[in-house]
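Before any comments, here is the structure.
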Amino acid sequence: MDSRVRVITNKKSISEYIAEIWDYNELFWILAKRDIIVKYKQAVLGIGWAAIRPLITTLVMALAFGRLGKLDVNSTIPYMLIVSVGVTVWLYFSQSLTTISTSLVLNSNLVTKVYFPRLIIPLSSIFIGLVDVVVSLVVFAGLCIFYQYVPDWKVIFIPFILVLTFLASFGVGLIAAVLNVKYRDIGQLISFVVQFGTFLSPVAYLTDAYKDGANGGFMYKLALLNPVTGCIDAMRWSMLGDFAAFNWGSFIPLIVFVLITFFYSIRFFRKHEDTFVDYI
Amino acid sequence: MTVLSIENISKKYILSSKGKSNNDLRDTITGWSKRLVNPGGISADIKQDFWALKNVSFDVQQGDRLGLVGANGAGKSTLLKILSQITEPTTGSIRIRGRMASLLEVGTGFHPELTGRENIFLNGAILGMRKAEINRHFDAIVDFAGIEKFIDTPVKRYSSGMYVRLGFAIAAHLEPEILVVDEVLAVGDADFQKKSIGKMRDVSNSGRTLLFVSHNLTAVQGLCNKGAYLRSGELIKYGPVDEVITEYIKNVSKFQLAQSWTDPGPAPGNDFVKIKSIRLVPDESHTRPNLDTTTHLRLELEYWNFIDNAELNVSIFLYSMTGECIFNIGDEAKFYQKGTVKAVCEIPGDFLNDGSYYLSVMIVRDRLAPVYFFEDAIAFDIIDYREGTEWVGKWPGAIRPKMIQVRSWQTELS
Numbered sequence: 017m018d019s020r021v022r023v024i025t026n027k028k029s030i031s032e033y034i035a036e037i038w039d040y041n042e043l044f045w046i047l048a049k050r051d052i053i054v055k056y057k058q059a060v061l062g063i064g065w066a067a068i069r070p071l072i073t074t075l076v077m078a079l080a081f082g083r084l085g086k087l088d089v090n091s092t093i094p095y096m097l098i099v100s101v102g103v104t105v106w107l108y109f110s111q112s113l114t115t116i117s118t119s120l121v122l123n124s125n126l127v128t129k130v131y132f133p134r135l136i137i138p139l140s141s142i143f144i145g146l147v148d149v150v151v152s153l154v155v156f157a158g159l160c161i162f163y164q165y166v167p168d169w170k171v172i173f174i175p176f177i178l179v180l181t182f183l184a185s186f187g188v189g190l191i192a193a194v195l196n197v198k199y200r201d202i203g204q205l206i207s208f209v210v211q212f213g214t215f216l217s218p219v220a221y222l223t224d225a226y227k228d229g230a231n232g233g234f235m236y237k238l239a240l241l242n243p244v245t246g247c248i249d250a251m252r253w254s255m256l257g258d259f260a261a262f263n264w265g266s267f268i269p270l271i272v273f274v275l276i277t278f279f280y281s282i283r284f285f286r287k288h289e290d291t292f293v294d295y296i
Numbered sequence: 094m095t096v097l098s099i100e101n102i103s104k105k106y107i108l109s110s111k112g113k114s115n116n117d118l119r120d121t122i123t124g125w126s127k128r129l130v131n132p133g134g135i136s137a138d139i140k141q142d143f144w145a146l147k148n149v150s151f152d153v154q155q156g157d158r159l160g161l162v163g164a165n166g167a168g169k170s171t172l173l174k175i176l177s178q179i180t181e182p183t184t185g186s187i188r189i190r191g192r193m194a195s196l197l198e199v200g201t202g203f204h205p206e207l208t209g210r211e212n213i214f215l216n217g218a219i220l221g222m223r224k225a226e227i228n229r230h231f232d233a234i235v236d237f238a239g240i241e242k243f244i245d246t247p248v249k250r251y252s253s254g255m256y257v258r259l260g261f262a263i264a265a266h267l268e269p270e271i272l273v274v275d276e277v278l279a280v281g282d283a284d285f286q287k288k289s290i291g292k293m294r295d296v297s298n299s300g301r302t303l304l305f306v307s308h309n310l311t312a313v314q315g316l317c318n319k320g321a322y323l324r325s326g327e328l329i330k331y332g333p334v335d336e337v338i339t340e341y342i343k344n345v346s347k348f349q350l351a352q353s354w355t356d357p358g359p360a361p362g363n364d365f366v367k368i369k370s371i372r373l374v375p376d377e378s379h380t381r382p383n384l385d386t387t388t389h390l391r392l393e394l395e396y397w398n399f400i401d402n403a404e405l406n407v408s409i410f411l412y413s414m415t416g417e418c419i420f421n422i423g424d425e426a427k428f429y430q431k432g433t434v435k436a437v438c439e440i441p442g443d444f445l446n447d448g449s450y451y452l453s454v455m456i457v458r459d460r461l462a463p464v465y466f467f468e469d470a471i472a473f474d475i476i477d478y479r480e481g482t483e484w485v486g487k488w489p490g491a492i493r494p495k496m497i498q499v500r501s502w503q504t505e506l507s
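Residue numbers (this note's numbering), protein chains in the order written: chain A, 17 to 296; chain B, 94 to 507.
Shown next as C-alpha cells:
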C-alpha cells in the first residue's frame, strides 16, 4: 500500500504545489486531447475549419487593408503573406486568451466535484490553439508556393515565438479566468477586447504604419506596448526572410510584459484557487 | 492502523446579505463608489459567519467502513468536500495514509460528445488513475457497466441508466486505499444497486477503508461497521454503527407516540365527543430501542362521550408518509352512556414495512355519521430489521407481512 501520508490543511508550500501539478500530468494531456477532439467533432469539415478560418480571414483582411486601404502599394512581397503571418499569430493569441479566460467556468463541473491542481485546466488550453496554428502555417506554406516565395533559415524560430505568444496570452488569460469565476462580466469583456484587438494590433498592416500621420511617434510608442505587436513583429522577422528587420522596440516590451504577467498571474491564481468552488 | 485522522476540522463560510451581493462587477463597483462618496458611513454590508463544521475530530482505522449520517445541512457534504480537497478547511488538519478516491457523483467530467471509451480514460484520469491502470481494468469496467455494444457511441446518446452505470463502474475499479462514496446508490435499478453494494463490500473485505454517506439508513447499517452522526456541523456521536443510527433516529424523528388531556376543556373534539388520550405502545416483549418491522404495536384510544345512549364506533386510518392509506378498520357499533370509552387496536409485528407512518382516528355515530375526525393523531417511524438476507437495499412494498408465506420444495431430481 502507498504509505505516503498526505496532510490536508490550508497551507501548502510552493514545491509541494509544483510536484503536485507534475503528478497530474496525465490529466493535463487528456484534458488537452478532450478539448481538441470535442472542437472538431460532429462537423462535416472537421479539422478543415482550422484551415478555412485563417485563409478567409487573411483574404478579407488583405482586401480591406491592402487593396481598399491602399497599404500594399510599397510592399516588396505579396501583401497576402504579410497578412497571413499576422493572422496566424493573432488567431493563436486570441484563441488562447479566450480559452484560458473561460476555462475555469466551462469546467465548473470538475472544479466543484473532484480535486486536482486547478492550474491544469488553463494550462491544458495551450494545445487547442496550437492545432490551429500548425494548420495556419500549412496555409502560409500554401500561399508561399502560390506566390513562389521562399522564406529563409529564420523559420526555425517559429516555435520559440509561438511559446512567447502563448505566454503573452497566458498571464492575462489566467487573471481573467480567476476573475471570471466571480464576475462573469470578464467573459464579455474578453470577447470585446478580442474584437478590437484584431484591428488595433498590426495584423493586417505593418507596425510602421502607426508612424504615419499626426502624432505618429506617440501612436507608434503606444502600439509597442501591445504585447501582440511584439509577437507579430518577431514572427514577420522569422517568416518573411529579409523583408522585416528584427524590432527590439516591440520585443523588449513583450518580454517584460510576459515576465511580469506570468509570475503575477500565478500568484494571483494560487491566492484565489481555494475559493473557486465557493463562487463558481 | 489509523488511515485517516481528522483533527479539529472547522469550515467557515461568510454569508453576506443585503446591500452587497458581490456577485457581479456592477455590485462591487457601486459598492466601491458608495464607500467613496460616503466614507465611514453606515456600511450596508451585513456579513455573517456560518460554521458548516465545528471542531470535528475522529480517526478511521484501516478496513473500517464508516457511515456518515445526519440531516440535510448537517455538514456531511462539507466534510466530504474537505476530505476530497475540493475546498480547504478553515482550521484543523487531516492526515491521510494511502491513496484516497472520492465519488461525490458518478461520471464526473463525462463529456457528452465523447464516446464511452474516451470517457473512461477521461474520467479515470480525473479520478486520479494512471493510464496503465485504466488499460488494465478497461474490459472489467465495460463488463461491469454492461455497455459493450455502445462503447464507441458518444455518451450523449446513452440512457441515463447506462451513463450512471458507466460512471460507477469506472470509480469501482479505482482500487484506492480509502474510498469515499456519496449517495451513488440512490440511482440505478435494483440489479445495479445490488452490484454496487457488492462492489463496496469487496472494497472493505480486501482491507481497504470505506467512507459512505447516505440517507438510506438500511444501506448504512448493512454496509458499515462504524458510524458518525453530524448535526449542525458538530459531531454528535461516533462509534459502532447501530448505536449511531439509534442516536440519529432518536434525534430526527418527529415522533408523536402519545397525546393526552386531563380535562375535556382544551381537548380536541366537539359537543358530542372529546379525545382523552391516544397512544401507541410497543409490546412488552420488544427490547430494542426503536420500533422496527418486527415490533408488535398496540394503539389505545380513550374518549369522552357526552350523550347518553349514543351508538358509536371507532374507525382507524393508517397512512404512509406519502399520504397513501395503508388500511382503514373499524370496530362494531355499540350503545354507550355518558362517560369515557376505550378502544384498543393491535397491529402485529412483521406486518408493516419500514418507513414513516401516521394515524388518524374517526368516531362514527349511528354507523354512518362521522362525529369527529381526529387527524394525524399519532406519527411514528418503523426502522428496518432483517435477518437471513444479504440484500440491503430498500425493501419494496407498503407492507411486509410475514403471515403470507412462500414455500418451495424440490419436485423432481435429475
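All C-beta atoms in this analysis are idealised placements derived from N, C-alpha and C, irrespective of residue type, glycine included. The model shown is predicted, which means the values in this text are computed figures rather than measured ones.
How long is the line joining the alpha carbons of L153 of chain A and I263 of chain B, rounded to whole angstroms? The residue labelled residue 153 of chain A in the question sits at position 137 within the first sequence. The residue labelled residue 263 of chain B in the question sits at position 170 within the second sequence. Roughly 40 Å separates the two Cα atoms.
At 3 residues or longer, and completely inside the stretch 325-402 of chain B: list those beta strand (DSSP E) runs for me, N to C. 327-333, 351-353, 366-375 and 390-398
Just how far apart, CA to CA, sit F237 of chain B and L178 of chain A? Taking the first residue of the second sequence as 1, we reach residue 237 of chain B at position 144. Taking the first residue of the first sequence as 1, we reach residue 178 of chain A at position 162. The straight-line gap from Cα to Cα measures roughly 45 Å.
Go ahead and label A462 of chain B buried or exposed: buried means 16 or more other beta carbons lie within 10 angstroms of its beta carbon, across all protein chains shown. As a first step, residue 462 of chain B must be located in the second sequence, where it is residue number 369. Answer is exposed; the Cβ neighbour count stays below 16.
When DSSP labels each residue in this structure, what does E404 of chain B get in the three-state scheme? Within the second sequence, numbered from 1, the residue matching residue 404 of chain B stands at position 311. Residue state, collapsed to three classes: strand.
Output the distance between the C-alpha atoms of D424 of chain B and D447 of chain B, rounded to the nearest integer angstrom. On the second sequence, residue 424 of chain B is found 331 positions in, with the first residue counted as 1. On the second sequence, residue 447 of chain B is found 354 positions in, with the first residue counted as 1. So the alpha carbons of these two residues sit roughly 26 Å apart.
Do you know how far the Cα of W106 of chain A is from the Cα of F262 of chain A? Walking along the first sequence from the start, residue 262 of chain A turns up at place 246. Walking along the first sequence from the start, residue 106 of chain A turns up at place 90. Roughly 18 Å between the two C-alpha positions.
Against chain B, with Cβ distances strictly below 8 Å, would N125 of chain A count as a contact? Mapped onto the first sequence, residue 125 of chain A falls at position 109. Taking Cβ atoms only, chain B reaches closer than 8 Å to N125 of chain A, which makes this a yes.
State the beta-bridge partners of G229 of chain A as determined by DSSP. Residue mapping note: residue 229 of chain A aligns to position 213 of the first sequence, counting from 1. The partner list for G229 of chain A (beta bridge, DSSP) is empty, contrary to what the question assumes.
Using only CA atoms, which one of A:I98, A:G203 and A:P218 lies nearest to L120 of chain A? As a first step, residue 120 of chain A is located in the first sequence; it is residue number 104 there, counting from the start. Looking at the Cα atoms, A:G203 is the closest of the given residues.
Cβ distance (whole Å) where P70 of chain A is taken to contact V103 of chain A below 8 Å: Here residue 70 of chain A is taken as the residue at index 54 of the first sequence, counted from 1. Here residue 103 of chain A is taken as the residue at index 87 of the first sequence, counted from 1. With a Cβ gap of about 5 Å, P70 of chain A and V103 of chain A count as contacting.
Anyone know if the C-beta pair for S253 of chain B and G185 of chain B falls short of 8 Å? For the purposes of this step, residue 253 of chain B is identified with residue 160 of the second sequence, where counting begins at 1. For the purposes of this step, residue 185 of chain B is identified with residue 92 of the second sequence, where counting begins at 1. Not closer than 8 Å, so no.
Bridge partners of P247 of chain B, per DSSP? Residue 247 of chain B sits at position 154 when you count from the first residue of the second sequence. Paired residues: B:T208.
Where does the unbroken alpha helix (DSSP H) through E468 of chain B begin, and where does it stop? The sequence position of residue 468 of chain B within the second sequence is 375, counting from 1. Premise fails: E468 of chain B lies in the beta strand (DSSP E), A462 to I475, not in any alpha helix (DSSP H).
Meets three-Cβ-pair contact criterion under 8 Å: the stretch 398-411 of chain B and the stretch 481-497 of chain B: no
Which runs of the alpha helix (DSSP H) spanning at least 4 residues fall entirely within the stretch 84-159 of chain A, listed in chain order? 95-122, 124-127 and 136-139
Measure how close the beta-carbons of F305 of chain B and L159 of chain B come, nearest whole angstrom, since I'm counting them as under 8 Å. Residue numbering aside, residue 305 of chain B sits at position 212 when the second sequence is read from its first letter. Residue numbering aside, residue 159 of chain B sits at position 66 when the second sequence is read from its first letter. Between L159 of chain B and F305 of chain B the Cβ distance is about 7 Å, and since that is below 8 Å, they are a contact.
Using a C-beta to C-beta distance shorter than 7 Å, which residues of chain B count as neighbours of L43 of chain A? As a working mapping, residue 43 of chain A is identified with position 27 in the first sequence. In chain order: A218 and I219.
Of the residues that make up the stretch 166-187 of chain B, which ones have a beta carbon closer than 9 Å to any beta carbon in chain A? K174, I175, L176, S177, Q178, I179, T180, E181, P182, T183, T184, G185, S186 and I187
Buried or exposed: V96 of chain B, going by 16 or more other Cβ atoms within 10 Å of its Cβ? Your numbering for residue 96 of chain B matches position 3 in the second sequence. That one is buried.
What residue range does the beta strand (DSSP E) around T358 of chain A cover? Outside the modelled stretch of chain A, which goes from 17 to 296, sits residue 358 of chain A, for which no answer is possible.
Which class does N318 of chain B belong to by DSSP, given the choice of helix, strand or coil? Here residue 318 of chain B corresponds to residue number 225 of the second sequence, with the count starting at 1. Here N318 of chain B sits in coil by DSSP.
To be precise: take each residue of the stretch 118-150 of chain A, compare its Cβ to all Cβ atoms of chain B, and keep it if any distance is under 9 Å. Which residues remain? N123, N125, L126, V127, T128, K129, V130, Y131 and F132
Collapsed DSSP secondary structure at T201 of chain B in the structure displayed: The residue given as residue 201 of chain B occupies position 108 in the second sequence. Looking at T201 of chain B - three-state DSSP - the assignment turns out to be coil, as it is neither helix nor strand.
Cβ-Cβ distance between F273 of chain A and A184 of chain A below 8 Å: Numbered from 1 along the first sequence, position 257 holds the residue referred to as residue 273 of chain A. Numbered from 1 along the first sequence, position 168 holds the residue referred to as residue 184 of chain A. Contact: yes.
Does the beta-carbon of A225 of chain B, which I'm using as the reference point, lie nearer than 7 Å to any heavy atom of the ligand SAH? The ligand SAH is not part of the structure shown, which contains no ligands of any sort.
For the pair the stretch 52-68 of chain A and the stretch 115-135 of chain A, tell me if three or more CB-CB distances fall below 8 Å. no
Starting from L161 of chain B, trace the beta strand (DSSP E) both ways and give me its first and last residue. As a working mapping, residue 161 of chain B is identified with position 68 in the second sequence. Unbroken beta strand (DSSP E) run through L161 of chain B: R158 to V162.
Alpha-carbon spacing of I189 of chain B relative to T386 of chain B, whole angstroms: The residue labelled residue 189 of chain B in the question sits at position 96 within the second sequence. The residue labelled residue 386 of chain B in the question sits at position 293 within the second sequence. Roughly 40 Å separates the two Cα atoms.
If you compare alpha carbons, which of A:N242, A:F109, A:V194 and A:V209 is closest to Y280 of chain A? Working through the first sequence from its first residue, we reach residue 280 of chain A at position 264. Closest by alpha carbon: A:V194.
Run through DSSP, which three-state label would K105 of chain B get? Within the second sequence, the letter at position 12 stands for residue 105 of chain B. In the structure shown, K105 of chain B sits in a strand (DSSP, three-state: E or B).
Between E327 of chain B and K147 of chain B, which are expected to be in contact by the criterion C-beta below 8 Å, what is the C-beta distance as a whole number of angstroms? Taking the first residue of the second sequence as 1, we reach residue 327 of chain B at position 234. Taking the first residue of the second sequence as 1, we reach residue 147 of chain B at position 54. Sure, about 5 Å apart at Cβ, within 8 Å.
Is it buried or exposed, W253 of chain A, if we count other Cβ atoms within 10 angstroms and call 16 or more buried? Within the first sequence, the letter at position 237 stands for residue 253 of chain A. When all chains shown are included, W253 of chain A counts as buried.
V244 of chain A and F156 of chain A closer than 8 Å at C-beta: Reading the first sequence from its first residue, position 228 is the one you call residue 244 of chain A. Reading the first sequence from its first residue, position 140 is the one you call residue 156 of chain A. Not in contact: V244 of chain A and F156 of chain A (Cβ atoms no closer than 8 Å).
Exposure of R500 of chain B, with buried meaning 16 or more beta-carbon neighbours within 10 Å: The residue given as residue 500 of chain B occupies position 407 in the second sequence. By the neighbour-count rule (16 or more Cβ atoms within 10 Å), R500 of chain B is not buried but exposed.
By Cβ distance, which residues of its chain are closer than 6 Å to D459 of chain B, with the 5 residues on each side in sequence left out? By 1-based counting over the second sequence, the position of residue 459 of chain B is 366. Here the set comprises E404.
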